[in-house]
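The sequence shown begins at -2 in my numbering and counts up one residue at a time.
Backbone N, C-alpha and C fix where the C-beta goes; we use that ideal spot for every residue, glycine too.
Quick notes on the structure that follows.
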Amino acid sequence: MTYALISILLLLSSGGCDNKDEETSGERPRPENVVYSEVITPPSISQIDESGYKTYYVDSQTGSDANNGLTSESPFQTLDKVSNMVKEPATKVLFKSGAVFKGTLTLKDLKGTPEKPFIVDIYGGSERARFEGTGGEQVVLIQDDNIRFRNIFVTNKTGKRGMYIRAIEAGAKKNIEVTGCRFEEINWAGDAAFVGVSPTKLDIRAICSDANYNKAFGGIVIETVAKEKGPGWYEDMFITNNEFYQVSRTGIMFINRWGSRTGVGEGYNEYIDDEHNWYPNTNVVVQGNKLHYIGGDGIVLGGADNSFLDHNVCYYANFLGRTDQASVGIWPYSSRNIVVQYNESAYTQWCNGSADGEGLDVDIACKNTIVQYNYVHHNVGGGILLCNNETENHEGTIVRNNIFLFNGGAQKGSLTSISTNVGRTEIYNNIVITDSKNKRVLFSDDWGKKGKSHDITFRNNIFMSTTPTIGIFDDSYIDNCVFLNNLYYNLGNFQANGMDAGALLYNPGITVPGDMDGYDKGAFCRPTEAKVFLEGLLFDGMLNTDFAGNPTIGIGYLGAFAE
C-alpha cells in the first residue's frame, strides 16, 4: 500500500521493535536500562620496522638497468627491470619522485613477511612517481602478499585496469596495503570535457566502450581466481587514502569467487552456509579514499566478513552508465558483518538507460550490515538501496544516524528503495530531507520476481520537505512494515492516515546549508527545535554518540543529533 495524505485511519501494531511491551503500553524504558552500541573503529595495519631493508632506486631519467640500483646515484631505469629482478627478503623499491615510467609493473615471488613486507614507495621529493600504462590489462599486477604499495600515480587511458591484485593460489593472502596513490584516466579514453556536463550530453561509448564497461575493470580490482587450486581469499587488506579520478568502470572492486553467499552459481564455491563452503575476505579496510567521476560503481566489496567501508568520499558515480547496467556509489554484496560508516556519497547519476543510481547500497546476500554516520546527498537514484534475490540471506541490516539530503525521489525513494526478499531491517535516527519534486521517500518493488521484503521497521527518523508536499511511503512490496515515533514535516498528516499512529508533526528547525558539499556540511542539518531532543524512543542498540560525536546516553532524540 502507498501511504499519502488521503489514506484512511488505520491502527498499526508495533511489531518488529525492541521493548515492544513498554512502547505499546506507553511506558518507555528507563535510560539506565538501555544497552548502547559503541562507535566501531576499524583496525589499523600493523606497524613495521623499516630498518634492515635492502633498498633499490629507480629513476626513468638518470637510471640504467645496467646499474646495481642500490644507491640514488646508480638507479635502475624501467618497470621491466623491477618486475624481473630477483626479490629477496626485506626488499624496498623506491621510484624517483615525479619521474614518469611507462609499461607494466608485475610484483610476484616477493618473499615478504608480516614483519618485513615488500615495500614500493618514492624518494627524492613528495610528488608521486607516475606509471603510465600503454593500454594493456593493467599497469600494476600484484600476485603475492605481504606488500606495502605507496604514493604512485597510475594512469591507463585505453587499458582495463590501473592495479590488479590477483590471488592465483589456494589459501589466504595476507597483509596487503595500497595507500597514498592516485588512479586517473583508467579505462577512460579521449579528452572530452565532462565536468559540469550531463552524461546525457556525452558520447559515453567513445569514453568507455561497451566491451570495456565491465565491473572487473577499473582503478583497483582485487580478485580470487584460483578455481583449480582450491579456495583462496584475502585477510588484512588495507586500501586507504587513495584518489580516483576519471575511472571506469569501477573505482575499487572486490571480486571473491570463493565468497558467494547466494547459492545460485555466482561463485566457485557451492555455498552451504556461513560455516561451510564459504571463504570470505576478512578484515578488509577500505578507508579514506576519494573518488570523483567514476564510470560505474565507486566502491564494491564482495564476499567479505568483518570488514569496513569507512571515511570514503564518492562523487559522480555511474557517470558513464548505460542500458542494462546498474551502479551505486558505495556498497557491499554477498557479505557478512560489514560496517559502512562516515562516508560521503553524492551526485551518483541515473541516466542513459542505467539502473540503480543510489548513493549507498546493501546488496544481494548481505547479513548483519551496519550503515551509520554517512552523509548521502544529491544522488539521482535515491539515498540507499536494499535489495536481494530469492535466497533468505539478506537480514540484520541497521541503517542509523545518517543524513540523506536531496536524493532523487521522483520515481524511487529519497531515503530508500527496498526490493525483493529483504529481511529484518532496522532504520532509525536518520534525517531525510527532500522537496516537492522528490516526494517519494520510500519505494518498494520486487525486481527479481522472487517475493516481497519483510519485517522493516522505521523509528525515530525525521522526514521533512523544504516545501509543502504529500510524501509517498510505498510499502506495497513489504510485509510487516512498521513505522514508530517518526517526525514528519511538510509531508502530510501521518497520524490521520494511519501509517504512523504515533507520528510527530512539527517543524524540526533544520536549515539546509547553501553549500552542501563536504562531509562536515552534514552537521549543519542539526535541528533547533527543543522537542526533537526529548521525544525519541529509547531502545537497546542505539549508538552512544550521535552524528556529530556528541554523547547520547539517556537522551530520547529524533534524527541523527542528540543535542
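Under a Cβ-count criterion, where at least 16 other Cβ atoms within 10 Å of its own Cβ denotes burial, should residue 174 be classed as buried or exposed?
With 16 or more other Cβ atoms within 10 Å, it is buried.
Start and end of the alpha helix (DSSP H) containing residue 81?
Its alpha helix (DSSP H) spans residues 76 to 81.
Check whether the segment 506 to 513 touches the segment 539 to 551, taking contact to mean three or more Cβ pairs, one atom from each stretch, closer than 8 Å.
Cβ pair count under 8 Å is below three, so no.
Between which residues of its own chain and residue 23 is the CB-CB distance below 8 Å, once the five residues before and five after are set aside?
Caution applies to residue 23, whose pLDDT of 46 falls short of 50 and renders its modelled position unreliable; the value that the coordinates give is listed next. No residues qualify anywhere along the chain.
Provide the residue(s) that pair with residue 242 in DSSP beta bridges, ordered along the chain.
According to DSSP, which records beta bridges pairwise, residue 242 is partnered with 181 and 289.
Based on the DSSP output, what are the partners of residue 329 in its beta bridges?
Bridge partners of residue 329: 298.
Give me, in chain order, the residues of the same chain whose beta-carbon lies closer than 6 Å to that of residue 42; leave out the 5 immediate sequence neighbours on both sides.
For residue 42, where only same-chain residues beyond five positions count, the Cβ hits under 6 Å are 174 and 235.
Under 8 Å, do residue 241 and residue 297 count as touching if we go by C-beta distance?
Result no, Cβ atoms of residue 241 and residue 297 do not sit closer than 8 Å.
For a test of the three-state rule: what should DSSP assign to residue 506, helix, strand or coil?
Three-state DSSP puts residue 506 in coil, outside helix and strand.
Looking only at C-alpha atoms, which of 165, 177, 136 and 127 sits nearest to residue 148?
For the residues 165, 177, 136 and 127, the minimum Cα distance to residue 148 belongs to 177.
Spatial neighbours of residue 257 within its chain, please: C-beta separation below 7 Å, excluding the five flanking residues on both sides.
Contacts found: 263, 264, 266, 268, 300 and 331.
Near residue 480, what residues of its chain come up, given a Cβ to Cβ distance below 6 Å and the 5 sequence neighbours on each side ignored?
Excluding residues within five positions, the ones whose Cβ falls inside 6 Å are 455, 496 and 497.
Would residue 66 and residue 93 be called neighbours here (beta carbons separated by less than 8 Å)?
The answer is no: Cβ separation not under 8 Å.
Count the C-beta pairs between the segment 33 to 40 and the segment 70 to 82 that are closer than 8 Å, then say yes if the count reaches three, no if not.
The segment 33 to 40 is not in contact with the segment 70 to 82.
For residue 394, which residues does DSSP report across the bridge?
BP columns for residue 394 point to 422.
Please name the residue in 487, 440 and 439 whose C-alpha comes closest to that of residue 462.
The shortest Cα separation from residue 462 among 487, 440 and 439 belongs to 487.
For residue 56, which of helix, strand or coil comes out of DSSP?
Reduced to three states, the DSSP call for residue 56 is coil.
Evaluate the contact criterion for the segment 55 to 66 versus the segment 102 to 118: three or more CB pairs, one atom per stretch, below 8 Å.
Touching, no.
When you compare the segment 309 to 321 with the segment 225 to 232, are there three or more beta-carbon pairs, one atom per stretch, that lie closer than 8 Å?
With the cut-off at 8 Å, the segment 309 to 321 and the segment 225 to 232 do not touch.
Please check the pair residue 184 and residue 214, which I expect to be a contact at CB under 8 Å, by giving their CB distance rounded to whole angstroms.
That pair is a contact at about 5 Å.
So what does residue 220 bridge to, in DSSP terms?
Its beta-bridge partners are 163 and 252.
If we count Cβ pairs, one from each stretch, closer than 8 Å, do we get three or more for the segment 325 to 345 versus the segment 200 to 216?
Judged by Cβ distances under 8 Å, the segment 325 to 345 makes no contact with the segment 200 to 216, as fewer than three pairs qualify.
Please look up how many angstroms separate the CB atoms of residue 554 and residue 536, rounded, as I've assumed it's under 8 Å.
Not quite, the Cβ-Cβ distance comes to about 12 Å (not below 8 Å), so this is no contact.
Could you have a look at residue 486 and say whether DSSP puts it in helix, strand or coil?
Correct three-state label for residue 486: strand.
Less than 6 Å between C-beta atoms, sequence neighbours within five positions excluded: which residues of the same chain meet that for residue 423?
Contacts found: 395 and 454.
With DSSP as the reference, label residue 39 as helix, strand or coil.
The answer is coil: DSSP assigns residue 39 none of H, G, I, E or B.
So, is residue 451 buried or exposed, given that buried needs 16 or more other C-beta atoms within 10 angstroms?
Buried, by the Cβ-count rule.
Taking the alpha-carbon of residue 244 as reference, which of 27, 442, 365 and 180 has the nearest alpha-carbon?
It is 180 whose Cα lies nearest to the Cα of residue 244.
At the level of alpha carbons, what is the spacing between residue 9 and residue 274?
Note that residue 9 scores 25 on pLDDT, short of 50, meaning its location in the model is unreliable; the coordinates nonetheless yield the value given after this. Using only the alpha carbons, I get a separation of about 42 Å.
Here's a check: name, in chain order, each residue in its chain whose Cβ is nearer than 6 Å to the Cβ of residue 69, leaving out the five neighbours to either side.
54, listed in sequence order.
Just how far apart, CA to CA, sit residue 207 and residue 335?
Approximately 32 Å between the Cα atoms of the pair.
With a cut-off of 8 Å on the beta carbons, I'd call residue 277 and residue 253 a contact; round off their distance for me.
With 8 Å as the limit, residue 277 and residue 253 qualify as a contact, their Cβ atoms being about 7 Å apart.
Could you check how far apart the C-beta atoms of residue 154 and residue 182 are, in whole angstroms? I think they sit under 8 Å.
At roughly 5 Å, the Cβ-Cβ gap stays under 8 Å, so residue 154 and residue 182 are in contact.
If I measure Cβ to Cβ from residue 39 and keep anything under 8 Å in the same chain, skipping five residues before and after, which residues do I get?
Result list for residue 39: 282, 284, 305, 307 and 336, in chain order.
Does the beta carbon of residue 90 come closer than 8 Å to any beta carbon on chain B?
In the structure shown, chain B cannot be found, because there is only a single protein chain.
What separation, rounded to the nearest whole angstrom, lies between the Cα atoms of residue 448 and residue 521?
Distance between the alpha carbons of residue 448 and residue 521: 40 Å.
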